[in-house]
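Participant: Attaching a single structure in structure tokens format; questions to follow.
Protein chains: 2
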Amino acid sequence: MVRENIIKDISRNMETGEVIDKLSRTFSIFGDPTRTRIVFALSKAELCVNELSQILDMSHSAISHQLRALKDLDLVRYRKDGRRSYYSLNDEHIENLFNEGLKHVLERM
Amino acid sequence: MVRENIIKDISRNMETGEVIDKLSRTFSIFGDPTRTRIVFALSKAELCVNELSQILDMSHSAISHQLRALKDLDLVRYRKDGRRSYYSLNDEHIENLFNEGLKHVLERM
DNA sequence: TTAACATGTGAACAGTTGTTCATACGTTAA
DNA sequence: TTAACGTATGAACAACTGTTCACATGTTAA
Numbered sequence: 420m421v422r423e424n425i426i427k428d429i430s431r432n433m434e435t436g437e438v439i440d441k442l443s444r445t446f447s448i449f450g451d452p453t454r455t456r457i458v459f460a461l462s463k464a465e466l467c468v469n470e471l472s473q474i475l476d477m478s479h480s481a482i483s484h485q486l487r488a489l490k491d492l493d494l495v496r497y498r499k500d501g502r503r504s505y506y507s508l509n510d511e512h513i514e515n516l517f518n519e520g521l522k523h524v525l526e527r528m
Numbered sequence: 420m421v422r423e424n425i426i427k428d429i430s431r432n433m434e435t436g437e438v439i440d441k442l443s444r445t446f447s448i449f450g451d452p453t454r455t456r457i458v459f460a461l462s463k464a465e466l467c468v469n470e471l472s473q474i475l476d477m478s479h480s481a482i483s484h485q486l487r488a489l490k491d492l493d494l495v496r497y498r499k500d501g502r503r504s505y506y507s508l509n510d511e512h513i514e515n516l517f518n519e520g521l522k523h524v525l526e527r528m
């Protein structure tokens, strides 16, 4: 039956568990308002923890934890300058991803 | 100081809480392997709950719950055909969003 | 009508996640 | 060197999330 072939075909072509896992982890990283705001801010400028904590009005610790999560998935990079760490988005893919999501949301509000 | 103006500027231009919330909820919807696989499957064909549960090898209930979450955020639509409900992606934005994420992940593996 | 089927849904439980707190580390200015 | 600063991190707790289970609803075939 045609229908059964469709099912087999999709099952066969499903991305591997590894890809799916990485993808869903990447998306879930954005799935938190705090991290979303961090990404928004970093899409405007390179910023240090202290500045981010002012912009988001949150503790250094909370910001730092979230930045670590973003860094673990290669979504942001950072450079040290003295006692400060300046963070920025890692590549334009991230911005594309973010903007694609923003576009979707704004169209529906 | 310039630096302070940057901070003020970013704070002022930050999207409203509503937009950020909707955006992060949208992303978090994708932030689960089960839903990611559902979206992947639906990007290939319109499918009913039963077929999805075969493809993902999961219970009807689990699939149905996840589909509801996807539907609540307008990410999928469905049509009834007798006792079956056929689901499909709601618009091409979703696919763009999904593919943009996939592109990002695949480039790094 | 009855039985089998396909899906939907509420409750509950386990597992995960995000924040706070306390503290540690490295850097700079005095 | 010492004190203040900026950031990082582990532990712990609260809050959230996803799955399963049990059952309900609606549909089709016999």
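Protein chains in written order, with this note's numbering: chain S, 420 to 528; chain V, 420 to 528.
The beta-carbon is built from N, C-alpha and C at its ideal position, and this holds for glycine as well.
Could you tell me the alpha carbon to alpha carbon distance between S:Leu461 and V:Glu470, rounded to whole angstroms?
Facilitator: One-based indexing of the first sequence puts residue 461 of chain S at position 42. One-based indexing of the second sequence puts residue 470 of chain V at position 51. Approximately 42 Å, taken between the alpha carbons.
Participant: Leaving out the 5 sequence neighbours to the left and right, which residues in its chain are closer than 7 Å to V:Arg456 when beta-carbon positions are compared?
Facilitator: In the second sequence, residue 456 of chain V corresponds to position 37, counting from 1. Taken in chain order, the residues that qualify are Leu475.
Participant: Rounded to whole angstroms, what's the CA-CA distance from V:Asp500 to V:Thr445? Just pull it up for me.
Facilitator: As a position in the second sequence, residue 500 of chain V is number 81, starting the count at 1. As a position in the second sequence, residue 445 of chain V is number 26, starting the count at 1. Each residue's Cα considered, the two are about 28 Å apart.
Participant: Does the stretch 432-451 of chain V come close enough to the stretch 495-514 of chain S to have 3 or more Cβ pairs within less than 8 Å?
Facilitator: no
Participant: With a cut-off of 8 Å on the beta carbons, I'd call S:Leu494 and S:Ile448 a contact; round off their distance for me.
Facilitator: Taking the first sequence and counting its residues from 1, one reaches residue 494 of chain S at position 75. Taking the first sequence and counting its residues from 1, one reaches residue 448 of chain S at position 29. Contact flag correct, Cβ pair sits at about 6 Å.
Participant: Would you mind working out which of S:Ser480, S:Gln485 and S:Arg431 sits nearest V:Lys463, comparing C-alpha positions?
Facilitator: In the second sequence, residue 463 of chain V corresponds to position 44, counting from 1. The shortest C-alpha separation from V:Lys463 is found at S:Arg431.
Participant: Is it buried or exposed for V:His484, if we count other Cβ within 10 angstroms and need 16 for buried?
Facilitator: Locating residue 484 of chain V in the second sequence gives position 65, counting from the first residue. It counts as exposed.
Participant: Quick check on the burial criterion: 16 or more other C-beta atoms within 10 angstroms. Buried or exposed for S:His479?
Facilitator: The sequence position of residue 479 of chain S within the first sequence is 60, counting from 1. Under this definition S:His479 is an exposed residue.
Participant: With the cut-off set at 8 Å, would you say S:Lys441 and V:Met528 are in Cβ contact?
Facilitator: Numbered from 1 along the first sequence, position 22 holds the residue referred to as residue 441 of chain S. Numbered from 1 along the second sequence, position 109 holds the residue referred to as residue 528 of chain V. Yes, the Cβ-Cβ distance between S:Lys441 and V:Met528 is below 8 Å.
Participant: My understanding is that S:Ser443 touches V:Gly450, with C-beta atoms under 8 Å, so please give their C-beta distance in whole angstroms.
Facilitator: Working through the first sequence from its first residue, we reach residue 443 of chain S at position 24. Working through the second sequence from its first residue, we reach residue 450 of chain V at position 31. With a Cβ gap of about 5 Å, S:Ser443 and V:Gly450 count as contacting.
Participant: Restricting to Cα atoms, I'd like to know which of S:Leu466, S:Lys522 and S:Arg454 is closest to V:Lys427.
Facilitator: Along the second sequence, one-based indexing puts residue 427 of chain V at 8. The shortest Cα separation from V:Lys427 among S:Leu466, S:Lys522 and S:Arg454 belongs to S:Leu466.
Participant: Please confirm if V:Ile482 has its CB atom under 8 Å from at least one CB of chain S.
Facilitator: Looking up residue 482 of chain V in the second sequence gives position 63. Chain S contact via Cβ: absent.
Participant: Check for me: the beta strand (DSSP E) holding V:Lys499 runs from which residue to which?
Facilitator: Mapped onto the second sequence, residue 499 of chain V falls at position 80. Run containing V:Lys499: Val495 to Asp500, per the beta strand (DSSP E) assignment.
Participant: Sort V:Val458, V:His512 and V:Phe517 by Cα distance to V:Arg487 and report the nearest one.
Facilitator: On the second sequence, position 68 is the one that residue 487 of chain V refers to. When only C-alpha atoms are compared, the closest one is V:Val458.
Participant: Looking at the secondary structure, which residues open and close the beta strand (DSSP E) in which S:Ser387 lies?
Facilitator: With chain S represented from 420 up to 528, any question about residue 387 of chain S goes unanswered, as that position is not in the structure.
Participant: Using the three-state DSSP reduction, which class does S:Ser507 fall into: helix, strand or coil?
Facilitator: For this step, residue 507 of chain S is matched to residue 88 along the first sequence. It is a strand residue.
Participant: Have a look at the DSSP bridge pairing and note the partners of S:Leu475.
Facilitator: Sequence index remark: in the first sequence, residue 475 of chain S carries index 56 (1-based). Bridge pairing for S:Leu475: absent [DSSP].
Participant: Report the rounded CA-to-CA distance for S:Pro452 versus S:Ile482, giving the unit in angstroms.
Facilitator: Looking up residue 452 of chain S in the first sequence gives position 33. Looking up residue 482 of chain S in the first sequence gives position 63. Rounded to the nearest whole angstrom, the CA to CA distance from S:Pro452 to S:Ile482 is 12 Å.
Participant: Along chain V, in chain order, which residues have C-beta atoms closer than 9 Å to that of S:Val438?
Facilitator: Along the first sequence, read from residue 1 onward, the residue named residue 438 of chain S stands at position 19. Within 9 Å Cβ-Cβ: Leu521, Val524, Leu525 and Met528.
Participant: Mind checking the stretch 492-511 of chain S against chain V and listing, in chain order, the residues whose C-beta falls within less than 7 Å of any C-beta there?
Facilitator: Asp493
Participant: Would you grab the beta carbon distance between S:Glu519 and V:Glu519 for me? Rounded to a whole angstrom, and I think it's under 8 Å.
Facilitator: Residue numbering aside, residue 519 of chain S sits at position 100 when the first sequence is read from its first letter. Residue numbering aside, residue 519 of chain V sits at position 100 when the second sequence is read from its first letter. Contact between S:Glu519 and V:Glu519 holds: their C-beta atoms lie close to 5 Å from each other, under 8 Å.
Participant: Could you tell me whether any Cβ in chain V is nearer than 8 Å to the Cβ of S:Glu434?
Facilitator: Counted from its first residue, the first sequence places residue 434 of chain S at position 15. S:Glu434 counts as touching chain V.
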